[in-house]
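Asks:
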Ligand code: ATP
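Residue numbers (full-length UniProt numbering): 1 to 322.
1. I'd like to know whether the C-beta atoms of residue 10 and residue 87 end up nearer to each other than 8 Å.
2. Classify residue 138 as helix, strand or coil using the three-state DSSP reduction.
3. Check residue 154 in the structure and name its three-state DSSP category.
4. Please confirm whether any heavy atom of the ligand ATP lies closer than 7 Å to the CB of residue 300.
5. Cβ of residue 312 within 7 Å of any heavy atom in the ligand ATP?
6. CB residue 262 to CB residue 77, shorter than 8 Å?
7. If you pair each beta-carbon of the stretch 15–22 with each one of the stretch 221–229, do three or more pairs fall below 8 Å?
8. By DSSP, does residue 307 sit in helix, in strand, or in coil?
9. Flag this pair as yes or no: are the beta carbons of residue 53 and residue 271 separated by less than 8 Å?
10. Going by C-alpha distance, which of 184, 2 and 123 is nearest residue 257?
11. If you follow the alpha helix (DSSP H) that residue 288 is in, where does it begin and where does it stop?
12. Straight-line CA distance for residue 234 to residue 281?
13. Which term fits residue 210, buried or exposed, when burial requires 16 or more other beta carbons within 10 angstroms of its beta carbon?
14. Using the rule of at least 16 other Cβ atoms within 10 Å of the residue's Cβ for burial, across every protein chain shown, is residue 299 buried or exposed?
15. Could you tell me if residue 7 is buried or exposed, where buried requires 16 or more neighbouring beta carbons within 10 angstroms of its beta carbon?
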């Protein structure tokens, strides 16, 4: 059965609830604290597994309590963690997340073991992938490892999905023929467009998605928070698919993008021949995630997402680009 292989970051997320973010030199009282598995890699692996795809994680954690917590939470979510290496030389990646009542967050990440990931780790972890499988990458691990993983996956005939987050600063992973699918939020889309030398006038999402798709020869999905997402296919007509967001009252937007991307990757591994349906499910899953606190803790399961899709009657529409 086609599967999703995530090569990426693993963090312990320390979530602190505050009434307002502290300013310089200021101390504020938090009202709660929780620690759970996170990191874009870990979140997207959990999302793909909850979406129903057999999912494997390739990454690194420290030989510490956070590392064991991350491994246990991923396993409990159904993610195979065999290719997660434990290193004694670094701590498990840590993200300190401050969360305001309105759902805004501020995050400090210290990568720890994620920075120790090597091309050899990626190659060993992807030894079993083949056509039909999806290899899902983000940019929270060293860029040369992302590049190595993408090359390895393509050489084996797998579909490469890159979530270019955080926004890329060098164009390495955007080289021609390296990826099949790009998922980016607004600032990331702007950064990728700049790195590819696209004209500034491709400024609206409707214009940016097809411009990026043509430049990368890839399916490009630009997510827009509560405004939904725009998707454009490689080499296709200059037609942009608009995927509306499901209206919800946001509680915590952490992992909205990760939920969206993990669900999309799972659909692609399942051989989704209807892109609009795959995107609508990703949108419904992400909307459910923003109604809950935390990262992996907020990611919904497949049956719940299918119910939400049916209830909202999500209907992706097309927006023609002149
Ligand atoms: P994050 O960094 O918070 O994980 P992101 O910046 O990568 O998210 P966004 O574009 O903010 O990504 O959101 C991804 C998707 O999540 C959107 O395309 C949308 O489907 C869904 N989403 C995000 N925010 C909301 C919201 N307030 N209401 C409904 N859906 C939302």
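All C-beta atoms in this analysis are idealised placements derived from N, C-alpha and C, irrespective of residue type, glycine included. In this text, all values refer to a predicted model and were calculated from it rather than measured experimentally.
Replies: Reading it off the structure:
1. By one-based count along the chain shown, residue 10 stands at place 10. By one-based count along the chain shown, residue 87 stands at place 87. Not closer than 8 Å, so no.
2. Taking the first residue of the chain shown as position 1, residue 138 is located at position 138. When DSSP states are grouped into helix, strand and coil, residue 138 belongs to the coil group.
3. Position 154 of the chain shown holds residue 154. Helix.
4. Taking the chain shown and counting its residues from 1, the one referred to as residue 300 is at position 300. No, the Cβ of residue 300 stays beyond 7 Å of every heavy atom of the ligand ATP.
5. Position 312 of the chain shown, counted from the first residue, corresponds to residue 312. Because no heavy atom of the ligand ATP lies under 7 Å away, the Cβ of residue 312 does not count as near it: no.
6. The residue labelled residue 262 in the question sits at position 262 within the chain shown. The residue labelled residue 77 in the question sits at position 77 within the chain shown. The answer is no: Cβ separation not under 8 Å.
7. Between the stretch 15–22 and the stretch 221–229, the count of Cβ pairs shorter than 8 Å is below three; the stretches do not touch.
8. Here the question's residue 307 lines up with position 307 in the chain shown. In this structure, residue 307 counts as helix in the three-state DSSP scheme.
9. Here residue 53 corresponds to residue number 53 of the chain shown, with the count starting at 1. Here residue 271 corresponds to residue number 271 of the chain shown, with the count starting at 1. No.
10. Within the chain shown, the letter at position 257 stands for residue 257. If we check each option's Cα against that of residue 257, 184 comes out closest.
11. Your numbering for residue 288 matches position 288 in the chain shown. Annotation for residue 288: the continuous alpha helix (DSSP H) segment containing it runs 275–290.
12. Taking the chain shown and counting its residues from 1, the one referred to as residue 234 is at position 234. Taking the chain shown and counting its residues from 1, the one referred to as residue 281 is at position 281. Across the structure, residue 234 and residue 281 are spaced so that their CA atoms are roughly 21 Å apart.
13. For the purposes of this step, residue 210 is identified with residue 210 of the chain shown, where counting begins at 1. Flag for residue 210 reads buried.
14. The residue given as residue 299 occupies position 299 in the chain shown. Residue 299 comes out buried.
15. As a working note, residue 7 is residue 7 in the chain shown. So residue 7 counts as buried.
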